[in-house]
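In this note's numbering, the protein residues as written are 7 to 279.
The block underneath contains the structure these notes are about, expressed in structure tokens.
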Amino acid sequence: AGHEIISLSRGIRARAHVYPVRNVKLDLVRPEGLGEALHGVAAVIHSAGLVREEAGQSFERAHVGATANLIESCTRAGIGKIVYLSALGANAGSSNLYLRTKWEAERLVTECGVPHTIFRPSLIFGAGDRVITGLLSWVRMAPFVPVIGPDKTKLQPIWVGDVATALVKAAADASTDGRVYELGGPTQMTFADLVETLRGSSGRSAFSLQLPAFLATPFMKLGELLMDNPPLTVAQFGALALGGTCDPNPAAVTFGLRMRSLVDVLPEYHRAG
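Right, here's the structure in full:
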């Protein structure tokens with residue numbers, strides 16, 4: 007409370023003005039003007055990232071290069087705290103490039119000398135998001151719903167409001183300095199469970215069709231070519247297929263999270279259309 011919020015983003019969203027936020031258009035990969043934007047800032051929440059590689063944008067540049075640029079500017083500006091939003095499953099030996107570059111960015115934050123807190127969330131959901139909203143659209147319109155990937159791999163979706171609460175509280179809490187928190191919601195579910203939950207909430211009788219990864223991947227690649235914001239990218243699927251569950255209690259207790267489940271929030275998706 008009492009703080010001005012500055013949003014640094016490559017694109018200013020049309021509805022960003024709804025909140026008391028000062029928007030600055032800026033690309034961390036080409037950080038001209040970043041030092042000026044950070045003048046007088048007390049803490050930085052770094053949630054920038056990429057869910058698919060495209061022309062001029064790679065995971066290496068968007069996660070590692072951008073984080074290095076931000077850290078350099080934070081150090082020069084005397085920033086008091088960096089809070090980094092990574093991903094559950096991030097590690098140096100991951101076969102998934104998205105997760106591996108997230109870990110490399112974590113390492114830069116850990117070694118930068120600025121007080122920091124790192125968060126590793128499972129799948130983040132909230133009305134207006136990409137993954138759940140896209141899947142819901144499919145459930146509503148298609149005669150069948152694809153269930154992709156391993157049928158025993160579990161996710162632990164976490165509500166975006168809880169993620170935001172944790173990030174903001176950590177920015178002002180020195181007792182979280184140097185800590186890494188895993189973020190997961192109250193319910194673990196397979197991808198099939200997720201699809202069934204969405205189908206049930208929509209009242210649809212469409213049947214589920216299990217697709218192995220080698221069949222699903224070409225369709226996701228086609229979606230990336232044809233759609234500006236596909237519901238699920240190949241990189242996201244690869245990360246989700248590795249699974250993403252954790253003990254949610256340390257973060258929930260430390261930050262007083264509401265732990266809203268996907269079932270709790272689904273009515274908000276339906277109201278949003």
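Glycine included, every Cβ here is placed at the ideal spot set by N, Cα and C.
I'd like to check one pair, residue j with residue i: are the Cβ atoms closer than 8 Å?
i: Ala-241; j: Arg-58; result: yes
i: Ala-172; j: Phe-125; result: yes
i: Ser-101; j: Leu-40; result: no
i: Thr-107; j: Val-50; result: no
i: Val-145; j: Arg-210; result: yes
i: Lys-160; j: Gly-249; result: yes
i: Ile-154; j: Ala-219; result: yes
i: Ala-222; j: Pro-121; result: no
i: Gln-162; j: Gln-194; result: yes
i: Thr-203; j: Thr-260; result: no
i: Leu-56; j: Val-30; result: no
i: Ala-111; j: Ser-92; result: yes
Nearest to residue i by alpha carbon, out of the options?
i: Arg-266; options: Arg-277, Arg-16, Pro-254, His-276; result: Pro-254
i: Leu-105; options: Asp-234, Ser-128, Pro-121, Cys-118; result: Ser-128
i: Leu-114; options: Arg-136, Thr-81, Leu-94, Gly-134; result: Thr-81
i: Ala-133; options: Ile-164, Glu-117, Glu-112, Cys-118; result: Ile-164
i: Pro-192; options: Thr-251, Leu-221, Gly-229, Pro-224; result: Thr-251
i: Tyr-275; options: His-52, Gly-119, Val-166; result: Val-166
i: Ala-258; options: Lys-87, Gly-190, Val-174, Thr-116; result: Gly-190
i: Thr-116; options: Ile-88, Gln-63, Val-174; result: Ile-88
Output the distance between the C-alpha atoms of residue i and residue j, rounded to the nearest integer angstrom.
i: Phe-197; j: Arg-277; result: 24 Å
i: Ile-138; j: Ala-148; result: 15 Å
i: Leu-238; j: Leu-246; result: 10 Å
i: Ala-20; j: Ile-12; result: For Ala-20, the predicted structure reports a pLDDT of 47, less than 50, and the residue's modelled location is therefore unreliable. The matter cannot be settled from this model.
i: Ser-208; j: Leu-272; result: 9 Å
i: Tyr-90; j: Glu-188; result: 12 Å
i: Gly-244; j: Ser-143; result: 22 Å
i: Leu-141; j: Phe-213; result: 14 Å
i: Asp-135; j: Asn-97; result: 25 Å
i: Arg-28; j: Arg-16; result: 14 Å
i: Ile-85; j: Ala-177; result: 11 Å
i: Pro-26; j: Pro-37; result: 24 Å
i: Pro-236; j: Lys-227; result: 9 Å
i: Asp-179; j: Leu-103; result: 32 Å
i: Ala-170; j: Ala-74; result: 23 Å
i: Thr-123; j: Phe-150; result: 42 Å
i: Leu-94; j: Ile-77; result: 22 Å
i: Leu-231; j: Gln-63; result: 15 Å
i: Glu-10; j: Phe-225; result: 43 Å
i: His-52; j: Glu-42; result: 17 Å
i: Lys-158; j: Val-174; result: 34 Å
i: Pro-256; j: Cys-118; result: 25 Å
i: Asp-270; j: Asp-199; result: 15 Å
Between which two residues does the alpha helix (DSSP H) containing residue i stretch?
i: Ser-101; result: Segment: none, Ser-101 is in no alpha helix (DSSP H) and carries neither H nor E.
i: Asn-75; result: 72-83
i: Pro-218; result: Element bounds for Pro-218: n/a, residue is neither H nor E.
How far does the beta strand (DSSP E) with residue i in it reach, from first residue to last?
i: Glu-188; result: 186-189
i: Thr-251; result: Unbroken run through Thr-251: none, as it is neither H nor E.
i: His-52; result: 49-52
i: Pro-273; result: First-last for Pro-273: 268-278, but that is the alpha helix (DSSP H), not the beta strand (DSSP E).
i: Val-151; result: 150-154
i: Arg-28; result: 27-31
i: Gly-14; result: The sequence shown places Leu at residue 14, not Gly. Segment 11-15, the beta strand (DSSP E) holding Leu-14.
i: Lys-280; result: Lying before the first or after the last residue shown, residue 280 is absent from the chain, which here runs from 7 to 279.
i: Val-89; result: 87-91
So residue i and residue j are supposed to be a Cβ contact under 8 Å. How far apart are they, rounded?
i: Ala-72; j: Val-47; result: Not confirmed; about 17 Å, so no contact.
i: Asp-268; j: Asp-168; result: The question names Asp, but residue 268 in the sequence shown is Leu. That belief does not hold up - the Cβ atoms of Leu-268 and Asp-168 are roughly 12 Å apart, past 8 Å.
i: Leu-32; j: Ala-83; result: Rounded, the Cβ-Cβ distance is 14 Å, inconsistent with contact.
Between residue i and the ligand ATP, is the CB less than 7 Å from at least one heavy atom?
i: Thr-196; result: For the structure depicted, the ligand ATP is absent and the ligand set is empty, with no information on it obtainable.
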